[in-house]
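Sequence lines, in order, name chains Y and S.
Using my numbering, you'd call the opening residue of the first sequence number 14 and step up by one each time.
Using my numbering, you'd call the opening residue of the second sequence number 14 and step up by one each time.
No residue lacks a Cβ here, since even glycine has one placed at the ideal position from N, Cα and C.
Okay, structure first, notes after.
Protein chains: 2
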Amino acid sequence: MPDKVLVYSRFPKSLMLRIGQHFELLDAGGKPPHEVIAKEDLASVRAMITQGSSLLNGEMMDGLPKLRAIVCYGTGYDGIDLKAAAARGIAVGHSPGANASSVADIAITLMLAAVRRLVVADSYVRSGDWAAAKPSPMMRPQQGMRGRKVGVYGLGEIGRKIAARAAAFEAEVGYFSRSRHDVAYQYFPSLEALAEWCSVLVIAVRAGPETHHVVNADILKNLGESGYVVNIARGSVIDPDALLAALKEKTIAGAGLDVHAREPYPPDELTGLPNVVLTPHVGGHTLESHQAMQDCVIANLTTFFAGRPLAYPVSS
Amino acid sequence: MPDKVLVYSRFPKSLMLRIGQHFELLDAGGKPPHEVIAKEDLASVRAMITQGSSLLNGEMMDGLPKLRAIVCYGTGYDGIDLKAAAARGIAVGHSPGANASSVADIAITLMLAAVRRLVVADSYVRSGDWAAAKPSPMMRPQQGMRGRKVGVYGLGEIGRKIAARAAAFEAEVGYFSRSRHDVAYQYFPSLEALAEWCSVLVIAVRAGPETHHVVNADILKNLGESGYVVNIARGSVIDPDALLAALKEKTIAGAGLDVHAREPYPPDELTGLPNVVLTPHVGGHTLESHQAMQDCVIANLTTFFAGRPLAYPVSS
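See the structure below:
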């Protein structure tokens with residue numbers, strides 16, 4: 014008889030197909046589990062699958078008295094109270110690096126699309142304005158990638174892949190990270206210094222209380238009028254009011270955002286701006302990335318139910 | 014007194030500012046020169062600036078009896094009858110490589126945007142459909158870049174830069190070109206073989222009679238259902254009917270097109286499709302690229318008026 018696993022967040026069913034071949038899934042579909050799943054089933058749940066960004070605090074953990082493993086689908090685990098889990102003897106696992114290539118790709122996609130004004134360009138052709146010889150919204154040429162200074166904030170696995178990709182565009186690459194790495198990119202000792210130097214800031218830092226709104230009005234101002242900010246980490250890293258003001262007042266040239274302060278609710282004013290490119294948190298949303306994340310989930314649950322430490326524990 | 018130069022194609026005035034500091038420009042604004050410029054002025058014109066894609070045949074050259082230099086703004090010269098020019102003792106120059114980085118960048122921008130469905134994603138967020146929890150057009154994950162086979166058709170300066178950029182995305186890179194190059198990418202002896210192997214075909218070949226419609230229904234079919242075609246060369250390289258059919262019938266997954274069969278008139282049916290990304294021939298449209306192209310134009314005209322061979326002649 015397969016082991017029972019609670020599916021805590023809302024996932025498309027297709028993503029749980031392979032995992033469901035190994036475990037009996039109790040799918041709460043993103044609703045409070047006690048509303049949709051029988052009490053006796055919940056009472057025996059020892060492991061759950063969740064999205065790292067879904068809120069999971071001590072009180073919620075207490076609703077599942079036998080819970081001993083929280084397995085995040087993806088790299089992030091910012092929604093989980095790690096201290097509360099540790100205090101209850103609950104192990105937390107994730108999928109480190111499984112989606113790194115896909116997320117790094119979306120960062121570069123957003124960077125290029127913003128710098129080359131792709132959405133505006135596509136709309137100019139698609140609307141018939143080009144054919145009608147209406148004035149082009151791209152009339153004035155802007156600086157492209159060659160020779161640009163790209164600053165990567167956070168040099169984990171995703172940040173490194175972003176840096177490697179950016180360098181291929183003949184851009185200079187620098188980074189700020191908690192610690193200096195043995196890499197060929199220029200190191201900056203602070204986010205302020207990085208933002209002062211670069212004209213494209215790519216946010217790839219792990220989100221948490223210490224990075225909340227650290228990309229604020231001052232940091233954005235440092236990017237300059239031809240500067241761009243790209244965020245593929247978490248919406249919480251950017252002060253959303255400061256970003257909206259910078260984009261509206263054109264103290265920066267634009268932004269490319271895959272993550273947002275309140276998903277799925279990007280501010281109405283933001284969605285009306287021509288100098289942003291917006292994606293619905295799909296950085297890790299590729300076939301190969303889901304496959305790798307599912308591999309990690311299955312490995313974490315398999316080791317847990319075998320009584321061994323999680324295959325991919327969150328290191329705290 | 015500065016030398017007179019006819020500006021034959023329609024250019025935004027801003028692009029001619031620097032050149033106008035060195036030469037006296039007679040700007041036809043894209044109209045037939047004899048309609049807008051005085052006959053005696055035209056009679057003494059010895060040099061012209063044109064876009065390489067603008068048609069310029071022997072008859073048109075005969076309307077300018079003293080013409081001895083045709084200077085293309087950009088890399089391409091496919092609109093110019095080189096034999097007719099040679100027969101009249103007219104030198105033809107261009108701006109080799111000046112826009113290579115910018116054009117390679119737009120190729121990768123279009124590739125990533127098509128593969129990651131960027132325009133659809135942006136529209137899903139911007140329209141409010143994401144916030145309203147409407148079904149996502151990106152629900153089913155698709156293959157991303159990692160491990161994809163990217164085939165580059167044409168390995169000139171632009172093709173090489175495209176190949177280098179594509180490799181940074183952890184893709185396999187192959188190419189077909191008239192001759193084999195000493196590069197790390199896999200060589201294929203024909204366009205058919207390249208298309209059979211790859212799932213993203215990037216067209217970077219120099220356009221001309223021998224490449225007219227060579228990317229036809231058979232080549233597109235070889236790319237497969239998860240295949241993409243990206244064109245930054247010239248619209249004439251693709252059979253437009255075959256492309257439209259492949260996109261509508263989904264025998265390929267999508268296309269990213271900066272160049273079009275009849276610019277600025279992409280087919281109406283094409284502009285209605287969700288699986289294409291369209292840009293209005295802006296590959297070389299960056300500040301640094303225009304600067305480099307203007308440098309080449311000025312160098313070509315300066316050497317010509319000094320009685321020397323063009324600095325950057327078209328090699329035929």
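Do Ala-51/Y and Tyr-21/Y have their CB atoms nearer than 8 Å?
-> no
Based on the DSSP output, what are the partners of Phe-182/Y in its beta bridges?
-> Answer by DSSP bridge pairing: none, since Phe-182/Y is not bridged.
At least one CB of chain S closer than 8 Å to the CB of Gly-187/Y: is that the case?
-> no
What residue does the beta strand (DSSP E) around Thr-63/Y start on, and which one ends it?
-> That run of the beta strand (DSSP E) goes 60 to 63.
Residue burial classification, Pro-322/Y (beta-carbon count within 10 angstroms, cutoff 16) = exposed
Under 8 Å between beta-carbons, which chain Y residues line up against Glu-301/S? List them in chain order, please.
-> Gln-156, Gly-157, Arg-159, Gly-160
State buried or exposed for Tyr-325/Y, treating a residue as buried only when at least 16 other CB atoms are found within 10 Å of its CB.
-> buried
Cβ-Cβ distance between Asn-112/Y and Ser-249/Y below 8 Å | no
With Ser-212/Y and Leu-236/Y assumed to form a contact (beta carbons below 8 Å), what rounded beta-carbon distance in angstroms separates them?
-> 6 Å
Can you have a look at Leu-314/Y and say buried or exposed, based on whether 16 or more other CB atoms are within 10 angstroms of its CB?
-> buried
Going by C-alpha distance, which of Lys-26/S, Met-29/S, Val-18/S, Lys-44/S is nearest Glu-37/S?
-> The closest CA to that of Glu-37/S, considering only Lys-26/S, Met-29/S, Val-18/S, Lys-44/S, is found on Val-18/S.
Burial state of Lys-174/S (16 or more Cβ within 10 Å) = Buried is the call here.
Other residues of its chain near Gly-110/Y: CB distance less than 6 Å, five sequence neighbours each side excluded | Glu-170
When the Cα atoms are used, what is the spatial distance from Val-84/Y to Leu-28/Y?
-> Whole-angstrom Cα-Cα distance: 15 Å.
Taking 8 Å as the CB-CB cut-off, is Asp-16/Y touching chain S?
-> no
Tell me, please, which residues DSSP counts as bridged to Ala-85/S.
-> The amino acid occupying residue 85/S in the given sequence is Cys; Ala does not appear at that position. Its beta-bridge partners are Thr-63/S.
Which of helix, strand or coil does DSSP assign to Gly-33/Y?
-> helix
May I ask you to report which of helix, strand or coil DSSP gives Tyr-137/Y?
-> helix
Does the beta carbon of Asp-118/Y sit closer than 8 Å to a beta carbon anywhere in chain S?
-> yes
Answer with yes or no whether the minimum CB distance from Asp-40/S to chain Y is below 8 Å.
-> no
C-alpha distance - Ser-115/S paired with Gln-34/Y, whole-angstrom precision | 48 Å
Would you please verify whether the beta carbon of Arg-129/S is less than 8 Å from any beta carbon of chain Y?
-> yes
Is Trp-210/S close to chain Y, meaning its C-beta is less than 8 Å from at least one C-beta of that chain?
-> no
Could you say which of Ser-66/Y, Ile-103/Y, Val-138/Y lies nearest to Arg-59/Y if we only look at CA atoms?
-> Ile-103/Y
Contacting residues, own chain, Cβ-Cβ under 6 Å from Val-290/S (five flanking each side not counted) | Leu-123, Ala-126, Ala-127, Val-132, Gly-269
Would you list, in chain order, the members of the stretch 281 to 293 of chain Y that have their beta-carbon closer than 7 Å to a beta-carbon of chain S?
-> Thr-284, Val-290, Leu-291, Thr-292, Pro-293
Starting from the beta carbon of Thr-122/S, find every residue of chain Y whose beta carbon is closer than 7 Å, and list them in chain order.
-> Leu-125, Ala-126, Arg-129, Leu-131
Could you confirm whether any beta carbon from chain Y is found closer than 8 Å to the beta carbon of Arg-247/S?
-> no
Beta-carbon proximity list for Trp-334/Y, same chain, < 8 Å, skipping 5 on both sides | Given a span of 14 to 329 for chain Y in the structure shown, any question on residue 334/Y remains unanswerable.
Would you give the residue range spanned by the alpha helix (DSSP H) that Leu-123/S belongs to?
-> Looking at the DSSP string, the run of the alpha helix (DSSP H) that includes Leu-123/S is 113 to 128.
Run the CB neighbour count on Met-158/Y, radius 10 Å, all protein chains shown included, and call it buried at 16 or more, exposed below.
-> buried
Three-state secondary structure (DSSP) of Leu-214/Y = strand
Beta-carbon of Tyr-137/S versus every beta-carbon of chain Y: anything under 8 Å?
-> It does; some Cβ of chain Y falls within 8 Å.
Contacts that Arg-178/Y makes with chain S (C-beta to C-beta distance below 7 Å) = Ala-181, Phe-182
Boundaries (first-last residue) of the beta strand (DSSP E) holding Leu-291/Y = 289 to 291
For Pro-15/Y, I'd like the list of residues in its chain whose CB is within less than 8 Å of its CB, leaving aside the five on either flank, ordered along the chain.
-> His-35, Phe-36, Glu-37
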